[in-house]
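J.: Have a look at this one before I ask anything.
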Amino acid sequence: MQLSVNNATKKYGKKTVLDQVSIDFNQGNCYCILGVNGAGKSTLFNLLMQFIMADAGTITYDGHHFPVLPSAYKKRMGYLSEPLHLLEELSAEQYLQFIGKLYEVVPKILEERKEKIMHFLFEDYQEVLRKRMATLSSGMKKKVAFAGAILHSPEFLLLDEPFSTLDPISGKKLCNFLSSYLNEQRTIVFSSHNLEYLEALNPVIIILDESGIQYNASLADFTKNHSQSISQSLMEKLKINDSSTVMQWD
Amino acid sequence: MGLVLLHLRFKINAFFNWKYNKSGIIFSLLYLATTSYSLFIVHLLTGPLNSQISPASIKHIIFGTLILLTIIRKFIPQYIPFRKRLLQYHPKSAIFRHAFNILDEILCFNFLNAILFICLLLIFPFYHWKDACIWITWLCVAIISRRVVQCFFEQRILHYTRFLLGCLVPIATTIIMLLWQFNYELPQTALAVLVVILLVSFMMEEVVSEYDDTGKQGVTSEHLGINVLLNAPAVRVSVLAALILKSVFMILFTIKIQKKGPGDMLFIIMLLSSPAYLFTYCFNNSWGMLRNYWFTLDRANPSGFLIWRFQLRLIAVPLAIDCFITSIFYLANDKLGPVIIISYFFSVILLCVLAYYWSLLFPFYVSKGFSMSVNTSTVAAFCTIIICTAMYLATYSPIFYLIGGLYLIIAVALMKGMNKFYSDTRIGLYHKLFH
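Top to bottom, those sequences are chains A and B.
First residue of the first sequence: 23, per our numbering; consecutive thereafter.
First residue of the second sequence: 13, per our numbering; consecutive thereafter.
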């Protein structure tokens, strides 16, 4: 699925969160949206999912602009939101069943995928499947929510802060999964403050700052052919001095 | 009386100290109005006006004011947090605090308390100020018992105290009943009631734990609706409260009809036997809590029908129980004729469709103060009153069936407009949420 954001502007009251933003998300690529808190990353995701409408500009899906995104397109997209909006009254198994039915996954395939992904993400997956979502830790909830987001094998996967609250091993697993998930038909867009996983995913880096796109290029360009660390490059692009990140305290 | 005046003084104090919250000021004003009203009623009952005003007039005054205050109170949706914030103005002494909490509860003209008022007025029609005093004391007991029951349902009481409450409340109630039956002396009854009130309220205020997460509960059903019903505390309490109230009313009406026949109660029977409670409770108190379902459904399919199907699935089991209760009531009262049951089924069909519209309008609680957008129960109640009034006015005439047919046509037309309505509304909802 080819997604294009064309001169999108979004305001909340008087505050302009996104101003004339244009990005193309091409098939077969992985994109990482970086930016400080409140830069508009989640707003961009909400625009892509058509939860909110741009005040100006358009978003096209495979070249088409839809006033209401049809279900056929929505079902080709997977979304891990932040906050997660989980159905806490259900067990992890029931939640995944519910999501599978919602996305019309064939029951047999649903069962296979559910087992496969849960087995990969959890050591004691059968116990986790039985537990109610309300009883799971925040990291476990994140992993179940992730399983729900990829259960229908979406072509366009949107992940808002997928690595936050995850332990290092789970983060690594998720990172490896995303690397293997990406193929010519699929697109992954994620936001993250954990820069350690970017190297393995080798995404196109998009920096959102001051209501607009400040940077949009490959990871190799971003790190000047790996001569700089990712965090150094980010600080440079955001024009932040090292001294401003240091503070003396009594 | 001294306690009431002291209570009033603290409310005035709260009003003058609450400078920065518009809703708080409105709440305080309403509160002062209800307190003044209560004092006025006490004055009517005990003062010289007692001989000039007939008991029937007083009863009508109470009914009228009660309905008015219940409606006004509905326009302060974030009422409970405000009430909690008002607690800082309450006295520090534990006994006074408990007494104030009881007065707070009695003066809260919420829907449940209004129902209790009406129930008790039906049970104890008073013709003398002594009867009125008994009525007021029983009202106190009823309100406090309601809170205890609510705490049980919400699982806010720790395990070991459940046992104590479970034993003490029936024992105390039995003692009161015995005193009342054998001695029929008001001071003793009042004293016994007061002991129960203090005891129960003390235990509630001191031992009721923080809201206990439902994590300890297991998943008990494969059916999504039943599972949500059993595991989401808000839904469980709402639906149980609705069904209990409905059953209480049906029993009261059955007793009354068996003694005197339906008489001129047909409209009120039609109204209270309708599924209004269920829709009111389910969609006002629980749908807001289930907004994550709305998010999840919308993520996959931006169709209004999907949301509606999910809501119907959620309400299917409670609606079946409600239908069963109504059918039993109808079968037990063959004097009523077919109008009640026909009116019930037409109301169900129309309310099922309307529920989609108002629940979509208010799928989550909006945290801003003094917002009217959570008052879905008011909408549900008004809709039911309109539906039943039209049917009642045409009872025993062919137009009755025509109105039923008209309701079906309206329901179909509304169903056809669902998707468009949903598309027009959802973006506004998200905007409100993310703004």
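Glycine included, each C-beta is placed from N, C-alpha and C at the ideal position.
Since we're looking at a predicted model, the values are computed, not measured.
If the criterion is Cβ atoms closer than 7 angstroms, does the pair I252(A) and L220(A) meet it?
T.: Yes, Cβ-Cβ distance for I252(A) and L220(A) is below 7 angstroms.
J.: Identify each residue in the segment 131–164 of chain A for which the Cβ-Cβ distance to at least one residue of chain B is less than 7 angstroms, and report them in chain order.
T.: Within the segment 131–164 of chain A, the qualifying residues are R154, A156, T157.
J.: Evaluate contact between the segment 128–146 of chain A and the segment 44–59 of chain A, counting only Cβ atoms and requiring at least three cross-stretch pairs below 8 angstroms.
T.: Counting Cβ pairs under 8 angstroms, fewer than three are found: no touch.
J.: Per the DSSP calculation, V211(A) is bridged to which residue(s)?
T.: For V211(A), which the question treats as bridged, DSSP gives the partners Y53(A), L180(A).
J.: Can a CB atom of chain A be found closer than 7 angstroms to the CB of Y472(B)?
T.: Here chain B has residues from 13 to 447 only, and residue 472(B) is not among them.
J.: Pull up the distance between the alpha-carbon of N243(B) and that of E111(A), whole angstroms please.
T.: Their Cα atoms are separated by approximately 5 angstroms.
J.: Could you say which of P184(A), K37(A), Q42(A) lies nearest to C29(A) if we only look at CA atoms?
T.: Looking at the sequence shown, residue 29(A) is not Cys but Asn. Of P184(A), K37(A), Q42(A), the residue nearest in Cα terms is Q42(A).
J.: Mind checking which residues open and close the beta strand (DSSP E) that includes I252(A)?
T.: Counting along the chain, I252(A) falls outside any beta strand (DSSP E), though it belongs to the alpha helix (DSSP H) covering 252–259.
J.: Distance check for V268(A) and L69(A), CA to CA, integer angstroms please.
T.: Near 35 angstroms, if we compare the C-alpha coordinates of V268(A) and L69(A).
J.: Using a C-beta cutoff of 7 angstroms, does E111(A) count as contacting chain B?
T.: Yes, E111(A) counts as interfacial toward chain B.
J.: Note down, in chain order, every chain B residue with its Cβ under 7 angstroms from the Cβ of K75(A).
T.: First, the amino acid is wrong: residue 75(A) is Met here, not Lys. Correct list: I439.
J.: Given a limit of 9 angstroms on CB to CB distance, which residues of the segment 314–331 of chain B reach chain A?
T.: Going along the segment 314–331 of chain B in chain order, one finds P314, S315, L318 with a Cβ nearer than 9 angstroms to chain A.
J.: By the DSSP assignment, the alpha helix (DSSP H) with L304(B) in it spans what residues?
T.: Checking the displayed sequence, the identity of residue 304(B) turns out to be Asn instead of Leu. Per DSSP, N304(B) belongs to the alpha helix (DSSP H) from 303–312.
J.: What are the uninterrupted segments assigned as beta strand (DSSP E) that are 3 or more residues long and contained completely in the segment 49–135 of chain A, given in chain order?
T.: Runs found: 52–56, 78–83, 99–102.
J.: Using a C-beta cutoff of 7 angstroms, does S435(B) count as contacting chain A?
T.: Yes, contact with chain A.
J.: Is there a C-beta anywhere in chain A that falls below 7 angstroms from the one on R311(B)?
T.: Yes - at least one Cβ of chain A is within 7 angstroms of the one on R311(B).
J.: Does N205(A) come out as helix, strand or coil in the three-state DSSP assignment?
T.: Residue state, collapsed to three classes: coil.
J.: Apart from the five residues just before and just after D84(A), which ones in its own chain have a Cβ nearer than 7 angstroms to its Cβ?
T.: Excluding residues within five positions, the ones whose Cβ falls inside 7 angstroms are M23, Q24.
J.: Tell me which same chain residues have a C-beta within less than 8 angstroms of the C-beta of N48(A), skipping the five on either side of it?
T.: Taken in chain order, the residues that qualify are Q24, T209.
J.: Between R321(B), Y305(B), L241(B), T338(B), which lies nearest to P287(B) when the distance is taken from Cα to Cα?
T.: Among R321(B), Y305(B), L241(B), T338(B), the Cα nearest to that of P287(B) belongs to T338(B).
J.: Compare the C-alpha of T31(A) against each of N198(A), G62(A), I228(A) and name the closest.
T.: Among N198(A), G62(A), I228(A), the Cα nearest to that of T31(A) belongs to G62(A).
J.: In whole angstroms, what separates the C-alpha of L241(A) from that of L426(B)?
T.: Each residue's Cα considered, the two are about 53 angstroms apart.
J.: For a quick check, are the C-beta atoms of L309(B) and A254(B) less than 7 angstroms apart?
T.: No, Cβ-Cβ distance for L309(B) and A254(B) is not below 7 angstroms.
J.: Using C-beta distances below 6 angstroms, list every residue in its chain close to H443(B), excluding the 5 sequence neighbours before and after it, in chain order.
T.: Same-chain partners within the cutoff: there are none.
J.: Report the rounded CA-to-CA distance for L363(B) versus I397(B), giving the unit in angstroms.
T.: L363(B) and I397(B): Cα-Cα distance of roughly 11 angstroms.
J.: Quick check on the DSSP output: the alpha helix (DSSP H) that includes V424(B) runs from which residue to which?
T.: Its alpha helix (DSSP H) spans residues 411–428.
J.: So if DSSP puts R154(A) in a beta bridge, which residue, or which two residues, is it bridged to?
T.: Looking at the DSSP assignment, R154(A) forms a beta bridge with S113(A).
J.: With DSSP run on the structure shown, which of helix, strand or coil describes K246(A)?
T.: The answer is coil: DSSP assigns K246(A) none of H, G, I, E or B.
J.: Can you tell which of Y34(A), K164(A), I45(A), C52(A) has the C-alpha that lies nearest to the C-alpha of S202(A)?
T.: Measuring from the Cα of S202(A), the nearest candidate turns out to be C52(A).
J.: Does the pairing of the segment 302–318 of chain B with the segment 408–417 of chain B give three or more beta-carbon distances under 8 angstroms?
T.: With the cut-off at 8 angstroms, the segment 302–318 of chain B and the segment 408–417 of chain B do not touch.
J.: Can you look up I292(B) in the DSSP assignment and give me helix, strand or coil?
T.: The residue asked about is misnamed: residue 292(B) is Thr in this sequence, not Ile. Three-state DSSP puts T292(B) in a helix.
J.: Does the pairing of the segment 102–122 of chain A with the segment 172–191 of chain A give three or more beta-carbon distances under 8 angstroms?
T.: Result yes; three or more Cβ-Cβ pairs closer than 8 angstroms.
J.: Looking at the unbroken beta strand (DSSP E) that takes in L217(A), where does it start and where does it end?
T.: Note, L217(A): premise wrong, no beta strand (DSSP E); not H, not E.
J.: From the DSSP output, in three-state form, read off L200(A) for me.
T.: Note: L200(A) maps to helix in three-state DSSP.
J.: In the DSSP assignment, find the unbroken alpha helix (DSSP H) run with D334(B) in it and report its ends.
T.: D334(B) -> alpha helix (DSSP H) spans 316–344.
J.: Check whether the Cβ atoms of S233(A) and T38(A) lie closer than 7 angstroms to each other.
T.: Result yes, Cβ atoms of S233(A) and T38(A) sit closer than 7 angstroms.
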